[in-house]
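Residue numbers (our numbering): 13 to 934.
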Amino acid sequence: MKNKIKVWLGATVAVMSVSVQSVFAQSDGTVQQVFSGFHRFADGFKVNEEEADDSKSGITPLTMGCIRQKGNREFPYPVKGHEVITNPPVFTWPMADYEYPKVFPVKKVSGKTDRCLQYDFQMGRTRNFSDKDVLTRTGLKLAFYNNHKPLKPGTWYWRYRVSGKSWSKVYEVNIPENLPKFQSPNAEEAYDMIPEKHPRIFGEAISGKVLTADQKQLRASYRRAANAALNKEVASYKVKGDPIPATASEVERKQIMQFRLRYEVEGINRDIEHLLNGYRLISNKEYLDKAVALADYIAAKEPAAMYAAADFTGAKSMSALSMTYDVAYAYLNEQQKKNYKHFITTVIGLIIDDAMQENVGSADGILCAHFFQHTFYNAFTSAIVMKGHDVQAEKWFGMLYDIWLSRSPGGGFLSDGVWPNGNMGYIHVNMESMVNNFILFRNLFNVNIFKHPWYANCANALAYTMPVHSAGDGFGDGSDKVYEVNRLRAEFAYILGQELNNPFAIHYAYELSGQSPAAPFAFKKTDFDTYRLQHRPRKVEAVNLANIPQSAVFPQTGIVVMNTDVLNASDNLFVSFRSSPFGSGSHGMAEQNSFNVSYKGKPIFYPTGYKVTTQDKHYLLAHKHSRARNTITVDGKTQAYSHSGYGWIARYLDGNDITYALGDASNAYIPFDQSALNWTTVLKNAQAYTSENGFILDDNDNPQVRKFRRHLVMLRPNIIVLYDELEAEKEVTWTFQLNGLERAGMKIGDAGNSLIADTDNCDVLARIFGSSELTTSLVDTSYVKPFDWLNPQRGRKAIEFEKNQYHGKFENVRKCKDMRFLAVIQVDESNSMSFADAKPDADNTIVIGNYRIKAQMDTSQEARLEIENKTTGEYLLYGPANGAVKAKGRKFSHSTLLINKTSGCQETIDRYPLMVPCQKGY
13 MKNKIKVWLG
23 ATVAVMSVSV
33 QSVFAQSDGT
43 VQQVFSGFHR
53 FADGFKVNEE
63 EADDSKSGIT
73 PLTMGCIRQK
83 GNREFPYPVK
93 GHEVITNPPV
103 FTWPMADYEY
113 PKVFPVKKVS
123 GKTDRCLQYD
133 FQMGRTRNFS
143 DKDVLTRTGL
153 KLAFYNNHKP
163 LKPGTWYWRY
173 RVSGKSWSKV
183 YEVNIPENLP
193 KFQSPNAEEA
203 YDMIPEKHPR
213 IFGEAISGKV
223 LTADQKQLRA
233 SYRRAANAAL
243 NKEVASYKVK
253 GDPIPATASE
263 VERKQIMQFR
273 LRYEVEGINR
283 DIEHLLNGYR
293 LISNKEYLDK
303 AVALADYIAA
313 KEPAAMYAAA
323 DFTGAKSMSA
333 LSMTYDVAYA
343 YLNEQQKKNY
353 KHFITTVIGL
363 IIDDAMQENV
373 GSADGILCAH
383 FFQHTFYNAF
393 TSAIVMKGHD
403 VQAEKWFGML
413 YDIWLSRSPG
423 GGFLSDGVWP
433 NGNMGYIHVN
443 MESMVNNFIL
453 FRNLFNVNIF
463 KHPWYANCAN
473 ALAYTMPVHS
483 AGDGFGDGSD
493 KVYEVNRLRA
503 EFAYILGQEL
513 NNPFAIHYAY
523 ELSGQSPAAP
533 FAFKKTDFDT
543 YRLQHRPRKV
553 EAVNLANIPQ
563 SAVFPQTGIV
573 VMNTDVLNAS
583 DNLFVSFRSS
593 PFGSGSHGMA
603 EQNSFNVSYK
613 GKPIFYPTGY
623 KVTTQDKHYL
633 LAHKHSRARN
643 TITVDGKTQA
653 YSHSGYGWIA
663 RYLDGNDITY
673 ALGDASNAYI
683 PFDQSALNWT
693 TVLKNAQAYT
703 SENGFILDDN
713 DNPQVRKFRR
723 HLVMLRPNII
733 VLYDELEAEK
743 EVTWTFQLNG
753 LERAGMKIGD
763 AGNSLIADTD
773 NCDVLARIFG
783 SSELTTSLVD
793 TSYVKPFDWL
803 NPQRGRKAIE
813 FEKNQYHGKF
823 ENVRKCKDMR
833 FLAVIQVDES
843 NSMSFADAKP
853 DADNTIVIGN
863 YRIKAQMDTS
873 QEARLEIENK
883 TTGEYLLYGP
893 ANGAVKAKGR
903 KFSHSTLLIN
913 KTSGCQETID
923 RYPLMVPCQK
933 GY
């Protein structure tokens, strides 16, 4: 049955034909429900009546050395004042015997798991733990505790200790009434739920049901892949890449050889899986025999050496052998079982040792990236398969079970639905693992991991960080692939839409993949095969797309997105902003308080450079570096490549004409600390870790920044305003960076201190004003010429680099301690260079169209920004009132106000991010 509905998109009407599993109807209530997480985050920035205190400014700088610590956390969580995101919360504390690595790559410590200190945990309703609800757990192997069952709302007290030592101080935490419940069996209960007989996980693929069209397509894919594998010899899996050049460095040569090993062995692993899945679906014994023959070949390898050479390859080999062990258990002889078990148990032990060495129990930040991308699922399924076959299986299972439920997604303390490591790139390498674990936990333990609030928000956030037919937000590794869309993205959105009853996510999946909503959703190849083998499309209730939010804030990760028409790229002005508590570690960039602009789906002001590998000199100096991002450099210095070089979204307000965000990156310009050992090592290896390249090596290099607060304002339909407050302990050169890809066609404008982007679908004028005299410069070449020394040698197509990429700079002529920038950016969609004259009048007011813009540029005066739409009356004020009539009734003296006829007066003050134990912000 097909249904036709009308969906209002601005002034146009879109008519969709949709199949029964993706029906949309008209319900404003559903929109509120679907986007409840977005609304909650936005409302969290608003001042309420109970907070009112006009004796306070509402400005509360953060002085923490690090919010999201890599390595070892410095404080327990949650304590009084901390926000908690699920009930039960995960209690965590510093790992008592953690040792920061002294060299990179890190020297592995075998047997780490068994030598780690253990912990005791206690919680109750009274501070002296004398109540009937008191709970004590002993011998915890990881520095966290998950109660698995929801706690009663109200105040709880807790403490921890190293087993046999003294208790910590007593902490308290409040459990709110309406916190999302995320419950599960405990590890002991879950272990007992594992079937005794094989196959335990990989049984009959589809039992007693008529296959769906997608399952028939998947079966055909398996048959093709399995038939092809039947005729392959092991030698055919070797990579056929270009010869390694004699000029390759030792680091480059090692990486090329590592990738060649990966592609060869992982190709065999994939075919083992194809053959076993073909057998499960078609029962062709030839497939099973060939899978076992290939598995025998893998099992003959030295497992520790393979894992040391390439951790993914070792883990995937272990996984392929575990699947074979499970599916073919009745057919394997005892020697084969022994060989497989040796490989499997050796690699599981190494994986868990590595996770313990990285402090998977209590580290924060970007946690054990490879582990959660793929390796966890490989190890967890293997531990399940090994139940009853190895004495350590129960220990491994218990640790891994608790780790996924407590430290995932995004380290476990993340609910805003976006990915700190990048929403254009590295979110995708986690998607299949997330879905596979969803299926595994649901089938074996009756746990729905998609009930974690991160997934509900992710279902919507996917469409905001990368709108349909549009460049993405431009942050993190993967931002250089601006014109590519990973096919997993639409498929993941569809899965979340189906499982969470989210019609907006399903709409995004169809639109992004270019499919007709009149037909069942079509996956590609064998993507998400575990899910698809069990999935039956179901009807999802309705949503009215007319009233979806145009902007969103993701405060835990530190991203804001602003749009004029998020569903229609051909009319959309898309502005993204990042200031992240996660800093710039792992696949993050030195881009605190950076912004990006796209129009009609194409990038205008956007990051430059490419990733060949993370150890490539071009990547290190011309892509990850702050000068390749639309932020500020100070005396040419980049922000730190570490978790300690952080930012945060301090304020956010969203109106009809005006959307506003304030980011604080005052702590981003610091020397690299011990958490950045990997980056200092690779920079030194590349002979790039110098002051001249923008790194702080000593006190003389340090610009001693004490304030960088950036206000970003979208004025619909086509104006962007930035207002920067900058202070340092010494006189420095402040550089306002404005970068663009080749299509930006940037040039210095005729107006003073301006840049023009002359693109194929619009023109853009950026006019920059400074509190001190400015100079403007523009270059159209990379800071370091890119060269793809890797892909042709590993059998892939070489990256095609743009000839020109643009780097604009606006700098104070004379060094100064305090500085302010005001940027006014106009977008002209007529492509005729039609811009208003953004020139301050005698009152220092700039008038552009309906908007009046006034910023205090005198650094001896308090910072102040005032904007008004003269036609609609919508009004924004930051800073002192200075007699402004509309500031009457303000609750804090230096808050930000946004006033319009729809919402009345909204007020915001600085709001600390998750992990900072004061959410009131004053």
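Backbone N, C-alpha and C define an ideal beta-carbon position, used for all residues, glycine too. Just so you know, these numbers come straight off a predicted model, no measurement behind them.
| Query | Result |
| --- | --- |
| If you draw a straight line from the alpha carbon of Asn469 to that of Phe50, how long is it in whole angstroms? | 7 Å |
| Buried or exposed for Thr702, please, with buried defined as at least 16 other CB atoms from any protein chain shown within 10 angstroms of its CB. | exposed |
| Starting from Ser482, trace the alpha helix (DSSP H) both ways and give me its first and last residue. | Neither: Ser482 is in no alpha helix (DSSP H) and is coded neither H nor E. |
| Opposite Tyr887 in the DSSP bridges: which residues? | Glu880, Ile911 |
| Any idea what DSSP makes of Glu95, helix, strand or coil? | coil |
| Look up Ser610 in the DSSP assignment and say whether it is helix, strand or coil. | strand |
| Kindly identify the DSSP beta-bridge partner or partners of Lys821. | Gln749, Ser789 |
| Give the single residue among Gly434, Phe194, Glu314, Ile560 whose Cα lies nearest to the Cα of Leu417. | Phe194 |
| Between which two residues does the alpha helix (DSSP H) carrying Gly326 extend? | 323-339 |
| Out of Phe607, Lys302, Ala475, state which residue places its alpha-carbon closest to the alpha-carbon of Tyr735. | Phe607 |
| Once you ignore the five residues that flank Arg292 on each side, which residues in its own chain have a CB closer than 8 Å to its CB? | Phe214, Gly215, Glu216, Ala217, Val339 |
| With 16 other CB atoms within 10 Å as the buried threshold, where does Trp746 fall? | buried |
| Grab the span of the alpha helix (DSSP H) containing Asp423 for me, first residue to last. | Checking the sequence, you will find Gly at residue 423 rather than Asp. Run containing Gly423: none; DSSP gives neither H nor E here. |
| What first and last residue would you give for the beta strand (DSSP E) that runs through Gly83? | Here Gly83 belongs to no beta strand (DSSP E), and DSSP marks it neither H nor E. |
| Judging by CA-CA distance, which residue of Gly891, Thr542, Met269, Phe617 is the nearest neighbour of Arg231? | Thr542 |
| Out of curiosity, what's the CA-to-CA distance linking Pro929 and Ile97? | 14 Å |
| Which of helix, strand or coil does DSSP assign to Asp849? | coil |
| Taking all protein chains shown into account, do 16 or more other C-beta atoms lie within 10 angstroms of the C-beta of Met13, making it buried, or fewer, making it exposed? | With a pLDDT of 30 at Met13, under the threshold of 50, the modelled position of this residue cannot be trusted; read the value that follows with caution. Met13 should be labelled exposed. |
| Given this structure, state the Cα-to-Cα distance separating Ile760 from Ala875, to the nearest angstrom. | 28 Å |
| Just grab the DSSP bridge partners of Tyr737 for me. | First, the residue type needs correcting, since residue 737 is Glu and not Tyr in the sequence shown. For Glu737, which the question treats as bridged, DSSP gives the partners Arg721, Arg832. |
| Locate the beta strand (DSSP E) running through Tyr183, then write down its first and last residues. | 183-187 |
| Report the CB separation of Ile670 from Leu877 in whole angstroms; it is logged as a contact under 8 Å. | Ile670 to Leu877, Cβ: 11 Å. No contact. |
| Please determine if the segment 423-442 and the segment 590-599 are in contact, where contact requires at least 3 C-beta pairs separated by less than 8 Å. | yes |
| At the level of alpha carbons, what is the spacing between Tyr234 and Leu287? | 7 Å |
| DSSP state of Leu727, grouped into three classes? | strand |
| Alpha carbons only, please: which of Ile284, Thr125, Lys221 is nearest the one belonging to Asn239? | Ile284 |
| Within the same chain, show all residues whose beta-carbon is closer than 7 Å to that of Val251, passing over the 5 residues directly before and after it, in chain order. | Arg272, Tyr275, Glu276, Arg806, Gly807 |
| Would you mind reading off the limits of the alpha helix (DSSP H) that contains Gln651? | That residue, Gln651, is in no alpha helix (DSSP H); it is neither H nor E in DSSP. |
| I need the DSSP call for Val35, collapsed to helix, strand or coil. | Confidence at Val35 is low in this model, with a pLDDT of 35, below 50, so the placement of that residue should be treated as unreliable; the coordinate-derived value is given next. The answer is coil: DSSP assigns Val35 none of H, G, I, E or B. |
| Quick one: any contact between the segment 145-159 and the segment 103-119, if contact means 3 or more CB pairs under 8 Å? | yes |
| Can you tell which of Ile921, Met927, Pro925 has its C-alpha closest to the C-alpha of Asp66? | Ile921 |
| Buried or exposed: which applies to His519, given that a residue is buried once 16 or more other Cβ atoms fall within 10 Å of its Cβ? | buried |
| Taking all protein chains shown into account, decide if Arg52 is buried (16 or more other Cβ within 10 angstroms of its Cβ) or exposed. | exposed |
| Quick one, which of Ile451, Gly423, His637, Gly361 has its alpha-carbon nearest Gly488's? | His637 |
| Whole beta strand (DSSP E) runs in the segment 639-710 with 3 or more residues, listed along the chain? | 644-646, 660-666, 670-676 |
| Quick one: grab the DSSP three-state call for Ser29. | No answer about Ser29 holds up, because its pLDDT of 30 lies below 50 and its placement is not dependable. |
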